[in-house]
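Colleague: Here you go, one structure.
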Amino acid sequence: MNKSELYNRINNQILEKLNEGVIPWKKSWKEGIPSNLISRKAYHGINFLSLSLRDFASPYYLTFYQCKQRGGSIKSGEKSSMVVYYKLMDIAENENDRRVIPFIRYSNVFNLTQTDLDTAALDKPVILSCESILDNMITKPIIKNNISRCYYSVSEDYISLPRITDFNTTEEYYSSLFHEVIHWTGHKSRLNRPSISELDNEQYCYEELIAETGASFLSALCGISPSVIDNQAAYINGWIKLSKEKELLFAQAAIDAQKAVSYILNESAI
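According to my numbering, the sequence shown is numbered sequentially starting from 649.
Structure, rendered in structure tokens:
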């Protein structure tokens with residue numbers, strides 16, 4: 649499969665969930681972020697969305713071959729999930745012209761609970777504290793307390809947020825803050841994301857998708873549950889409608905969300 653076919657497959661799987669009224673990445677992440685069992689590296693971007701489509705008790709995944717290497721096997725009847733990655737290939741057209749070109753590939757992975765491997769002694773992925781993410785940001789957003797609502801002001805470049813004591817739970821506070829910080833990264837002085845500054849409905853809908861997926865990724869890093877969206881049905885309907893107009897919507901949103909997350913974590917985009 650080529651890049652469009654791979655992304656389209658995941659796009660369609662996400663659409664199926666949304667049509668059922670489910671936002672797959674809005675779930676409890678108390679076990680930690682989906683990660684590869686062998687490398688212990690977290691899955692990013694579109695892979696994070698792909699692995700959020702199904703619910704498993706373990707955050708760990710591995711390929712059939714990785715499972716076999718550890719002396720295990722996949723349980724009968726279990727179905728895999730797809731993750732994509734880029735492989736660098738050295739192309740030599742002649743002695744003086746060599747290029748390294750990234751080619752997209754995919755792997756079928758299984759959750760650890762789909763295998764007969766022993767899970768008892770495994771540690772969870774490293775859970776970050778919400779405050780550590782914010783404290784380690786090189787550039788920090790201006791946050792103003794507002795009793796009534798959460799929002800990011802593009803024109804004045806600040807985040808408005810009720811006090812932590814005004815939220816039902818601490819998790820709800822940080823999840824809401826993560827959402828607004830993702831918006832904040834789109835400012836022209838940072839990632840300069842068009843969807844944060846253009847006010848038409850389509851761009852607003854797309855920006856909310858970026859903020860929701862990015863905030864869920866940060867929530868998963870911290871092992872917390874994302875906050876519930878007010879008027880969730882309207883958001884779902886908006887994304888379904890936008891997906892008909894914007895090809896590979898969820899794949900592109902995942903890429904933009906990962907750029908925002910990488911900016912916050914001071915990492916290169918993966």
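Yeah, the Cβ is synthetic: ideal placement off N, Cα and C, and Gly gets one too.
1. Could you spell out the range, first to last residue, of the alpha helix (DSSP H) harbouring Lys892?
2. Please name the residue or residues paired with Phe758 in a DSSP beta bridge.
3. Using a Cβ-Cβ cutoff of less than 6 Å, which residues in the same chain neighbour Ala905 once the five nearest sequence positions on both sides are dropped?
4. Look up Thr813 in the DSSP assignment and say whether it is helix, strand or coil.
5. In this structure, does DSSP put Tyr821 in helix, strand or coil?
6. Buried or exposed: where does Thr767 fall if 16 or more other Cβ atoms within 10 Å of its Cβ makes it buried?
7. Beta-carbon within less than 7 Å of Leu736's beta-carbon, same chain only, minus the 5 sequence neighbours each way: which residues are those?
8. Thinking C-alpha only, which one of Asp764, Val731, Leu663 is nearest Phe898?
9. In the DSSP assignment, the beta strand (DSSP E) including Asn650 goes from what residue to what residue?
10. Quick test of the definition: if touching needs 3 or more C-beta pairs under 8 Å, does the stretch 878–886 touch the stretch 665–685?
11. Tell me the rounded alpha-carbon separation between Asn650 and Lys674.
12. With a threshold of 16 other CB atoms inside 10 Å of the CB of Tyr713, please say whether the residue is buried or exposed.
13. Where does Ser801 fall in DSSP's three states?
14. May I ask which residues mark the beginning and end of the beta strand (DSSP E) holding Asn793?
15. In the DSSP assignment, what residue or residues form a beta bridge with Ile775?
16. What does Ile722 pair with, by DSSP beta-bridge criteria?
17. Would you kindly report the start and end of the unbroken alpha helix (DSSP H) that includes Asn849?
18. Sort Thr817, Ile739, Leu760 by Cα distance to Lys727 and report the nearest one.
Modeller: Concretely, from the data shown:
1. 880–893
2. Leu710
3. Ile858, Thr861, Gly862
4. The answer is helix: DSSP assigns Thr813 an H, G or I state.
5. helix
6. exposed
7. Val748, Pro750
8. Among Asp764, Val731, Leu663, the Cα nearest to that of Phe898 belongs to Leu663.
9. That residue, Asn650, is in no beta strand (DSSP E); it is neither H nor E in DSSP.
10. yes
11. 29 Å
12. exposed
13. Strand.
14. Counting along the chain, the unbroken beta strand (DSSP E) around Asn793 starts and ends at 791–793.
15. The partner list for Ile775 (beta bridge, DSSP) is empty, contrary to what the question assumes.
16. Thr763
17. For Asn849, the enclosing alpha helix (DSSP H) covers residues 849–870.
18. Cα-wise, what sits closest to Lys727 is Leu760.
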